[in-house]
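Single-structure report; data block below.
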Amino acid sequence: MSDFSNRTKGELILEIKNMNKSFGPVTALKNVDLNLYRGDVLGLIGENGSGKSTVSSIAAGMQKADSGEMTFLGKKWSPTSMINALENGIGMIVQESGTIAGITVAENIFLGNLNQFSRFGFINKKELYKRANDVLRQIGIDNIDSSMIMGSLDFQSRKLVEIAKVIMKEPEVLIVDETTTALSQNGRKILYGIVDRFRKENRAVIFISHDLDEIMEVCDTLTVLRDGNIIRTFKKEEFDPDQIRLSMIGRELEGDYYRSDYEHVYGEKVTISLQNATVNGHMYNINLEAHEGEILGIGGLSHCGMHTLGKVLFGAVKLDEGEALVDGEKIKNEIFATKKKIGYVSKDRDNESLVLSASVKDNISIAGLDIFSIGNFLVLYSKENEYVKKQIDSLSIKCSDSGQIVQTLSGGNKQKVVFGKWIGCGSEILVLDCPTRGVDVGVKQAMYQLMVQLKQEGKTIIIISEELPELMGMSDRLIIMKNGRIEKEFLRSKDLSDAEIIGYMI
Amino acid sequence: MEELASRNKIKFDKYRLKKLVIALLPLVALIALFVAYLIILNANDYNVSMNLKTLLNQSIVLILVATGAIFIFTLGQFDISLGANTLFAAVIGTLAYKASGNIFVLFLVCIVVAVACSLLNAVIASIFHLPMFVTTIAMLSVLTALATFLIQSEGTASGTSFSITLPSNLVNDLSAIDTPAFKISVVVIFMVLMIFIFNFTKVGRKMKFLGGNQNCAKLTGISVSLFGIIAFALAGLGAGLGSSMTVVYAHTVSTTTASSIGMSVFIAIVFGGMPINGGARSRIYSALIGGISYNLMTNILFILFQSMQGVRDGLVQVISGIFFLAIVFVASINYRSKNLPR
């Protein structure tokens with residue numbers, strides 16, 4: 011690392027000029043200019059596919075621009091890889107998991123630098139684990155042991171390790187790409203603390219998020235991107251949610267964002283329920299019922315057991331005690347759940363809800379094969395194409411055609427594909443674990459409106475989320491979990507306050 | 146803006162061209178290898194017609210076994226026991242044919258034995274929750290040992306090697322079907338059936354999805370065990386047909402019959418354009434193109450290194466291995482380029 015002891019606030023640290031980038035037929039960046047100054051936390055905001063991750067990942071060495079120039083610390087900047095960029099002062103925490111599952115936490119943290127622990131060709135593991143634990147503790151992560159295998163950690167813990175891995179190198183520019191949605195309140199506190207330290211030390215941060223409230227709180231300036239173009243840069247004193255939204259989507263948001271009503275109205279018929287459901291180490295004696303036409307919200311801190319509960323409702327996690335029932339029948343496994351028209355959207359979208367190497371068509375049609383096949387065997391291509399097109403059109407999925415590989419879609423469009431998969435096949439019960447994670451405001455609104463529509467059609471929707479405004483804005487009933495148990499149940503009401511709910515979460 | 150639009154159009158055309166080139170590359174390689182083979186045969190005064198017949202016989206067996214194996218590879222699995230399975234089925238089929246004198250019995254027994262052995266792999270893996278690859282290693286040893294025992298106890302010795310050879314009357318009966326027309330018909334019918342299952346049925350679609358992401362497939366209600374069993378059964382069908390055709394053209398079974406087919410199948414289908422990790426982009430025709438290309442390549446190498454008798458086999462294997470690595474590397478570059486964030 012270079013000596014960066016003389017840091018002057020306001021000094022230009024990173025300059026991007028006239029940058030262009032395309033992925034095959036899709037243009038991701040068009041003549042983008044971006045300046046980053048010392049002591050500044052620059053927010054990047056825009057709809058999914060607007061180019062936020064592309065521009066920042068180019069600066070962080072993940073990929074090359076097609077054209078354009080970058081200058082970092084007054085010199086031409088052309089990193090050969092993310093490791094090269096990090097070693098030279100720009101580190102990035104990526105949107106999806108940037109760690110390796112099969113090795114230890116410590117090996118992930120010191121990946122590429124393990125030689126410093128080598129003695130006569132053997133790694134001194136004791137020293138490695140100690141140093142890695144020190145790194146974790148320094149940024150406030152005290153519940154992860156560095157000798158653990160990365161793959162055994164949950165999504166949030168993996169993300170925290172990734173943060174530690176980048177911060178350990180003390181980069182001059184830190185890029186945080188849509189990270190907070192993977193973190194609980196405590197994890198976010200850790201990350202905000204790091205961002206604040208970078209600001210005080212006159213380094214710089216590029217902060218990417220879809221959460222307008224968060225980005226306005228954390229950032230000093232805010233640049234809006236749309237369709238690969240820079241639309242406008244706002245200074246802190248110019249921050250105005252309506253103006254920012256308008257810049258992002260290029261039009262006024264029409265209709266309601268969350269539900270406009272404050273009624274908790276739903277059918278009498280219980281569609282899915284848990285009776286004394288226990289999964290040792292995750293959730294205990296859970297009793298709940300969801301009804302026809304009901305949106306049931308489940309909230310709490312990340313480790314409260316709600317994500318396990320979602321998988322139990324889909325038959326993907328076996329109960330140690332108790333029962334999960336759908337229409338009065340025991341939910342045996344995922345196959346049974348799909349036969350009973352239950353759909354499940356995982357929080358870990360890329361690993362559990364999509365086949366990234368497959369096309370939009372393959373991902374959407376897989377759950378609806380029964381609908382467009384003859385004799386439960388032969389797939390009819392023409393009917394399949396119609397089926398897929400209907401989902402692409404109704405959900406406004408941005409793709410070149412149904413054959414586009416899902417990997418190349420933006421986060422929000424990937425999530426729409428997952429929704430299309432389950433809605434198209436006529437799911438009667440939808441278990442949605444963090445359904446709007448990494449999704450921009452326009453897509454979020456469309457998803458909320460879709461949930462209302464599904465509720466009106468009599469479907470049961472169970473939203474598991476760490477976003478309280480979302481739960482309060484959408485749920486007929488809201489169940490708060492803490493330490494694997496149901497702590498409190500709230501009915502939809504105008505008077506419901508987040509302060510009251512948070513009190514039961516922590 | 147016009148300049149940008151024009152630049153994007155060029156990029157789009159380049160992207161489509163790249164996709165087309167990648168898709169056609171295995172076919173181009175096949176044609177190039179075939180032309181090279183003909184040139185080398187002529188240049189060395191080999192009997193072209195006889196060598197093409199040998200190529201056909203070699204390729205027929207490899208294509209049949211590889212076509213069935215595509216289903217296993219699509220799931221991201223690997224069956225190293227396919228060669229041993231083909232050998233064992235051929236041994237039992239030959240013994241049954243010798244006992245009955247009925248060609249139909251030869252085919253039936255070969256297929257039933259190969260499917261049963263293949264299914265055993267999947268069922269054991271399913272019951273004991275083992276990776277399927279692990280059970281195929283065990284099956285490789287067991288089937289090879291059983292086949293060797295049967296060949297030594299039922300066959301005749303020639304020097305240090307043993308083989309089971311068909312009597313001349315049965316060989317005469319087989320000559321009726323030992324024709325290119327029959328063999329090609331078997332391959333065509335089998336491939337059409339497999340392409341149909343792979344692309345036009347729910348079974349094939351679910352297998353491809355499962356191969357793309359097992360976690361996601363499970364959370365979409367697809368049974369990993371069931372489709373593993375179906376894939377192994379179809380691979381067994383390919384191995385059964387392959388073993389029948391081996392007996393049809395060779396009239397004898399020895400311990401070296403189909404000995405290297407397990408590895409050859411893997412190399413061949415990757416050669417034919419199959420993604421190394423299986424999944425949605427798997428294609429049945431990879432078995433056809435790869436099966437012929439692989440045999441063309443090894444035959445060319447054998448001719449080129451004919452003067453190096455002592456080390457020829459090893460050298461051919463080393464070069465085949467290097468070719469394989471090069472293909473996997475090129476395929477992985479293509480895969481990585483599709484994994485960029487947006």
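Just so you know, the sequences run in chain order Y and A.
Residue 11 is where the first sequence starts when you use my numbering, and the numbers rise one by one after that.
Residue 146 is where the second sequence starts when you use my numbering, and the numbers rise one by one after that.
Note that CB positions come from ideal geometry on N, CA and C, so glycine has one too.
None of these values were measured; they are calculated from a predicted model.
- Message: Looking at the strands, I want to know which residues DSSP matches up with residue 290 (chain A).
- Response: Assignment of beta-bridge partners to residue 290 (chain A) by DSSP yields no partner.
Could you tell me the alpha carbon to alpha carbon distance between residue 484 (chain A) and residue 355 (chain A), rounded to whole angstroms?
Its pLDDT being 37, under 50, residue 484 (chain A) is placed unreliably by the model, and the measurement read from it follows with that caveat. Roughly 19 Å between the two C-alpha positions.
- Query: Which of the residues in the segment 207-223 of chain A, read from start to end, lie with their CB under 8 Å from any CB of chain Y?
  - Reply: Only those residues of the segment 207-223 of chain A whose C-beta falls short of 8 Å from the nearest C-beta of chain Y would be listed, and there are none.
**OP:** Rounded to whole angstroms, what's the CA-CA distance from residue 503 (chain Y) to residue 441 (chain Y)? Just pull it up for me.
**Re:** CA-to-CA, the gap between residue 503 (chain Y) and residue 441 (chain Y) works out to about 23 Å.
- Task: Give a yes or no on whether 8 Å exceeds the smallest Cβ distance from residue 379 (chain Y) to chain A.
- Result: At a cut-off of 8 Å between C-beta atoms, residue 379 (chain Y) counts as an interface residue with respect to chain A.
Assign residue 499 (chain Y) to one of three DSSP states: helix, strand, or coil.
-> Looking at residue 499 (chain Y) - three-state DSSP - the assignment turns out to be strand.
Given residue 472 (chain Y) as reference, the closest of Y:320, Y:433 and Y:423 once Cα atoms are compared: Just measuring C-alpha positions, the residue of Y:320, Y:433 and Y:423 sitting nearest residue 472 (chain Y) is Y:320.
Is it true that the segment 215-223 of chain A meets the segment 377-388 of chain A, where meeting means three or more beta-carbon pairs spaced less than 8 Å apart?
Output reads yes: the segment 377-388 of chain A touches the segment 215-223 of chain A.
Please list the partners that residue 425 (chain A) has in chain Y, where partner means a Cβ-to-Cβ separation under 8 Å. Contact note: residue 425 (chain A) reaches chain Y through 365, 367, 368, 369 and 372, using a C-beta cutoff of 8 Å and chain order.
Q: Quick one: using the 10 Å Cβ neighbour count with 16 as the cut-off for buried, is residue 30 (chain Y) buried or exposed?
A: So residue 30 (chain Y) ends up on the buried side.
Query raised in the report: The beta strand (DSSP E) with residue 33 (chain Y) in it runs from where to where?
Result: Start and end: 22-33.
Under 8 Å between the Cβ atoms of residue 281 (chain Y) and residue 337 (chain Y)? Between residue 281 (chain Y) and residue 337 (chain Y), the C-beta gap is smaller than 8 Å, which places the two residues in contact.
Would you say residue 354 (chain Y) reaches chain A, if we count a Cβ-Cβ gap shorter than 8 Å as a contact?
-> It does: the Cβ of residue 354 (chain Y) has a partner Cβ on chain A nearer than 8 Å.
If residue 307 (chain Y) and residue 481 (chain Y) are in contact, beta carbons under 8 Å, what's the gap, nearest whole angstrom? Indeed they touch by this definition, with Cβ atoms about 4 Å apart.
Which of the three DSSP states, helix, strand or coil, is assigned to residue 300 (chain A)? Note: residue 300 (chain A) maps to coil in three-state DSSP.
Exercise. Could you check which residue in Y:462, Y:160, Y:418 and Y:47 has the C-alpha nearest to that of residue 369 (chain Y)?
Key: In this structure, Y:418 is the residue among Y:462, Y:160, Y:418 and Y:47 with its C-alpha nearest to the C-alpha of residue 369 (chain Y).
* Thinking C-beta only, is residue 234 (chain Y) closer than 8 Å to residue 56 (chain Y)? -> Yes.
| message | Please state the DSSP three-state secondary structure of residue 365 (chain Y). | response | In the structure shown, residue 365 (chain Y) falls within a coil segment according to DSSP collapsed to helix, strand and coil.
Please report how far the alpha carbon of residue 458 (chain A) lies from the alpha carbon of residue 415 (chain Y), in whole angstroms.
Put simply, the backbone Cα of residue 458 (chain A) is about 42 Å away from that of residue 415 (chain Y).
Margin query: If contact is defined by three or more beta carbon pairs under 8 Å, each pair taking one atom from either stretch, is the segment 183-202 of chain A in contact with the segment 258-265 of chain A?
Written below: Too few Cβ pairs lie closer than 8 Å, so no.
(request) Would you decide whether residue 80 (chain Y) is buried or exposed? Buried here means 16 or more other CB atoms lie within 10 Å of its CB. (result) Its Cβ being crowded by 16 or more others within 10 Å, residue 80 (chain Y) is buried.
Beta-carbon of residue 328 (chain A) versus every beta-carbon of chain Y: anything under 8 Å? By the rule that beta-carbons nearer than 8 Å mark a contact, residue 328 (chain A) does not touch chain Y.
* Where do the N-terminal and C-terminal ends of the alpha helix (DSSP H) with residue 236 (chain Y) fall, by residue? -> Where residue 236 (chain Y) is concerned, there is no enclosing alpha helix (DSSP H), although the beta strand (DSSP E) it sits in stretches over 231-236.
| Do you know how far the Cα of residue 309 (chain Y) is from the Cα of residue 444 (chain Y)? | Taking the straight line joining both Cα atoms gives about 10 Å.
Exercise for the section: Find out if the Cβ-Cβ distance for the pair residue 269 (chain Y), residue 483 (chain Y) is shorter than 8 Å. Expected result: Between residue 269 (chain Y) and residue 483 (chain Y), the C-beta gap is smaller than 8 Å, which places the two residues in contact.
Residue 344 (chain Y): contacting residues in chain A (beta-carbon distance under 7 Å)
Neighbours of residue 344 (chain Y) on chain A, chain order: 363, 364 and 366.
Using the three-state DSSP reduction, which class does residue 391 (chain Y) fall into: helix, strand or coil?
DSSP, reduced to helix, strand and coil, places residue 391 (chain Y) within a helical segment of the structure shown.
key: Opposing strand residues paired with residue 285 (chain Y) [DSSP bridges]   = Within the DSSP bridge table, the entry for residue 285 (chain Y) names Y:333 as partners.
- Item | Cβ shell of residue 271 (chain A) (< 8 Å), same chain only, five flanking positions each side left out | 370, 373 and 374.
Could you tell me whether the segment 394-402 of chain A touches the segment 413-430 of chain A, using the rule of 3 or more Cβ pairs below 8 Å?
In short, these stretches do not touch, since the Cβ pair count stays below three.
Q) Should residue 487 (chain A) go down as buried or exposed, given a rule of 16 or more other Cβ atoms within 10 Å for buried? A) Reliability fails at residue 487 (chain A), whose pLDDT of 32 lies under 50, so the model's placement of it is uncertain and the value that follows must be treated cautiously. With a threshold of 16 other beta carbon atoms within 10 Å, residue 487 (chain A) meets it and is buried.
Mind listing, in chain order, the continuous alpha helix (DSSP H) runs of no fewer than 4 residues lying wholly within the segment 80-125 of chain Y? With a minimum length of 4 residues, the continuous alpha helix (DSSP H) runs that stay inside the segment 80-125 of chain Y are 92-97 and 115-119.
Review point. In the segment 350-362 of chain A, which residues sit with their C-beta less than 8 Å from some C-beta in chain Y, listed in chain order?
Key: Listed by position, the residues of the segment 350-362 of chain A near chain Y (Cβ gap below 8 Å) are 350, 351, 353, 354, 357, 358, 360, 361 and 362.
Query raised in the report: residue 475 (chain Y) to residue 187 (chain Y), Cα distance in whole Å?
Result: Taking the straight line joining both Cα atoms gives about 20 Å.
(request) With distances taken Cα to Cα, identify the nearest neighbour of residue 489 (chain Y) among Y:95, Y:299 and Y:137. (result) Nearest C-alpha to residue 489 (chain Y) among Y:95, Y:299 and Y:137: Y:299.
*asked:* Using a 10 Å radius around the Cβ and a threshold of 16 neighbouring Cβ atoms, would you call residue 425 (chain Y) buried or exposed?
replied: Buried.
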